[in-house]
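Numbering (my numbering) for the first sequence: 1 to 471.
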Amino acid sequence: MIRLFNTYSRELEEFAPLNPPEVSMYTCGPTVYSHAHIGNFRAYIFEDLLQRHLESSGFNVHRVMNLTDVDDKTIRGAREAGVSLGEFTAPFKRAFFEDLETLRIKRADDFPAATDPQYISRMIAMISQLMAHGFAYQAEDKSIYFRIKVFPEYGKLAHLNLDELRPSGRVRSDEYEKENIGDFALWKAWDEADGDVSWDSPWGRGRPGWHIECSAMATALLGEQIDIHCGGVDNIFPHHEAEIAQTEGVTGKKFVRYWLHCAHLLVDGQKMSKSLGNFYTLRDVIGRGYTGREVRYALLRVHYRAPLNFTFEGMDEARQALTRIDEWLARLHECCATPPLARENESQPARFRNFFDALDDDLNISGALGFLFESIRETNRALDAKQLSADEARTWLESWRRVNQVLVLEESSAATLSPEIEILARQREQARASKDFRRSDELRNELNARGYDVRDTKDGQKITRRGNAQP
RNA sequence: GGCGGGGUAGCCAAGUGGUAAGGUCGCGGUCUGCAAAACCGCUAUUCGCGGGUUCGAUUCCCGCCCCCGCCUCCA
């Protein structure tokens, strides 16, 4: 039984999709005005973990992630770059997909973009219905706003008392045209700053508000009711609140059954911000010599509802922990390669049950990893004592494959050594054969300096590439 | 001010009404030509603070402190 914390109820709830084993899942994606930062990816990795765990539990997940390719920032960026909106966002979309690949995040089934004509027309259709039902109105500035006072549920997800809302500095001064300060834009009338970015609508030229795109794309691709909707905690209000109001205003049905929100990533204990100089894109971290799977581990290992403090010390810890897994797998593979010594036990005990049980409990990844590392120590102990049979090793590896389908942390391939490294390795073998330890140690230092670990075993030296090794 | 999420060893982090998983770092040991890896041992009498309930609380209740976030388009 999988239990998930639903933001709506603020309680752990047993997960039961509407039409099992199908699960519909909508995840708020990036705004493609720059490279996504590691805080964004923390959320996407959490969603990836959720999807993969659900799939490993027998569900078929249909996941949608939207790309916001029209908003104030993309329009401004395009104007400043002197290119069309599409030309401006295209490279960031491409980069985003590359980053997903780097982090081994499973691609969603659909990545709808807000500017896709079919979704623009769907947004317009939804807004028309909201207008017809009295949920929306056109203000003096020609923009269309959602009238929150006719939707009593508004504020329930965030548990906000709307009468007590404090105007913050982010309220635009020109919004006095709205009936209520909390009313949000469904359709923004064109203004000069928008340049040539506009679409025709029954209310005049303009562009969609941010919130409506998710309502339109989610219902288009997943239906009027979806099982899971994820995002960062900062999306709870107003974005997800607005999505509920718009969608339910149109359909009259409960929009989302489980709302899951990921806590923020902090950097050095503070919110990431460009002015503090602690703002990192994935590319920045990769540029410091870390691999995608190291970043994946670092962002994955903390429970999604707890704040995660990103540090490079944490990256090094991730590297070490992964090396431990790599070494363990290498030993198991080696153990399999040896012929069976005795009659093998035919029973294949299920391993890692506790790992999956922990994930069932609202994705308790820390607990799950704890069980994984306990298993690693136990098997290593048995390997040291030569008490692990080849068959048992195979069972562990098979069980690991299931675990790795969720974690996706296995080293992708045993990278072949470059000719240069190969030569150093051979020279060192020769030095050792002639007991020239001085030369042997020099060569080891040389290999270490190039990012390779050298170990001498009874079967000869073993050379492994560290995460930060130069290819 | 309102609404959330956190405060557990140097760092990261599980967890339970019955006496603290795991990772990482550090130290000692086994192994090794020396290392490395692996294993063994050590490293929180204590879980933000103060009360209360209880035979017993880190875990439940009350109050307080600190950190982070949201409060109208930031994952």
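Positions of the beta carbon are idealized from the N, C-alpha and C atoms, including for glycine. Since we're looking at a predicted model, the values are computed, not measured.
Apart from sequence neighbours up to five positions away, the residues of its chain that approach Glu-47 with a beta-carbon distance below 6 Å are Thr-27, Cys-230, ordered along the chain.
For Val-454, the uninterrupted beta strand (DSSP E) run begins and ends at 452–457, by DSSP.
Pairing Ala-139 with Lys-178 gives a Cβ-Cβ distance under 9 Å.
Here Asn-66 is near Pro-112, since their CB atoms are less than 9 Å apart.
The region 218–301 contains, as complete beta strand (DSSP E) runs of 3+ residues, the segments 226–232, 256–262, 265–267 (chain order). Take Val-233, set aside five residues on each side of it, and the residues of its chain with a beta-carbon closer than 7 Å to its own are His-261, Cys-262, Ala-263, His-264, in chain order. Of all alpha-carbon atoms in Ile-2, Met-1, Met-25, the one lying nearest the alpha-carbon of Arg-257 is that of Met-25. Here Ala-43 carries a helix assignment [DSSP, helix/strand/coil]. The count of Cβ pairs closer than 8 Å, one atom from the region 382–402 and one from the region 300–317, stays below three, leaving the stretches out of contact. Proximity to His-239 across Glu-213, Lys-254, Val-61 peaks at Glu-213, based on C-alpha coordinates.
The C-beta of Ile-105 has 16 or more other C-beta atoms within 10 Å across all chains shown, which makes the residue buried. Under DSSP, the beta-bridge partners assigned to Ile-144 are Gln-138, Trp-187.
Within the region 56–98, complete alpha helix (DSSP H) segments of at least 4 residues are found at 72–81, given in chain order.
Here Ala-218 has Tyr-26, Val-64, Ile-226 as same chain residues with Cβ atoms under 7 Å from its own Cβ, once five neighbours each way along the sequence are excluded.
Assignment of Asp-361 by DSSP, reduced to helix, strand and coil, places it in the strand class.
With fewer than three CB-CB distances shorter than 8 Å, the region 379–394 does not count as touching the region 41–61.
Per DSSP, reduced to three states, the secondary structure at Arg-353 is helical.
The beta carbon of Trp-328 sits closer than 8 Å to the beta carbons of Ile-376, Thr-379, Asn-380 from its chain, once the five residues preceding and following it are set aside; these are given in chain order. For Glu-411, the closest alpha carbon among the candidates Arg-465, Leu-12, Ala-425, Lys-188 is that of Arg-465. Excluding the 5 residues flanking it on each side, Val-23 has same chain C-beta neighbours closer than 8 Å at Pro-17, Leu-54, Phe-59, Asn-60, Val-61, His-62, Asp-227, Ile-228, in chain order. Looking from the CA of Glu-294, the closest CA among Phe-279, Asp-326, Gly-86, Lys-271 belongs to Asp-326. Around the beta carbon of Gly-460, fewer than 16 other beta carbons lie within 10 angstroms, which makes this residue exposed. A Cβ-Cβ distance of about 5 Å is found for the pair Ala-189 and Gly-206, placing them in contact under the 8 Å criterion. Under the DSSP assignment, Ile-423 falls outside any beta strand (DSSP E), being part of the alpha helix (DSSP H) whose first and last residues are 419–433. The alpha-carbon of Thr-7 is positioned some 10 Å away from that of Lys-156.
Ile-127 and Asp-183 do not touch by the CB rule: their CB atoms are close to 13 Å apart, not below 8 Å.
In the same chain as Met-1, and ignoring 5 residues on each side of it, the C-beta atoms closer than 7 Å to its own belong to Glu-14, Asp-360, in chain order. Look at Asp-116 here: in three-state DSSP terms it is coil, with no helix or strand label. Where Val-403 is concerned, the enclosing alpha helix (DSSP H) starts and stops at 390–407.
For His-37, the three-state secondary structure derived from DSSP is strand.
Under the three-state reduction of DSSP, Trp-203 is assigned to coil, being neither helix nor strand.
Within the same chain, and ignoring the five residues on either side of Pro-307 in sequence, the residues whose Cβ sits closer than 7 Å to its Cβ are Ala-263, His-264, Leu-266. Here Gln-461 is bridged, per DSSP, to Asp-456. DSSP places Val-23 within a strand segment (E or B) once states are collapsed to three. In the structure shown, Phe-111 falls within a coil segment according to DSSP collapsed to helix, strand and coil.
Setting aside the 5 residues that flank it on each side, Asp-71 is surrounded in the same chain by Thr-31, Trp-210, each with a C-beta closer than 7 Å to its C-beta; the list follows chain order.
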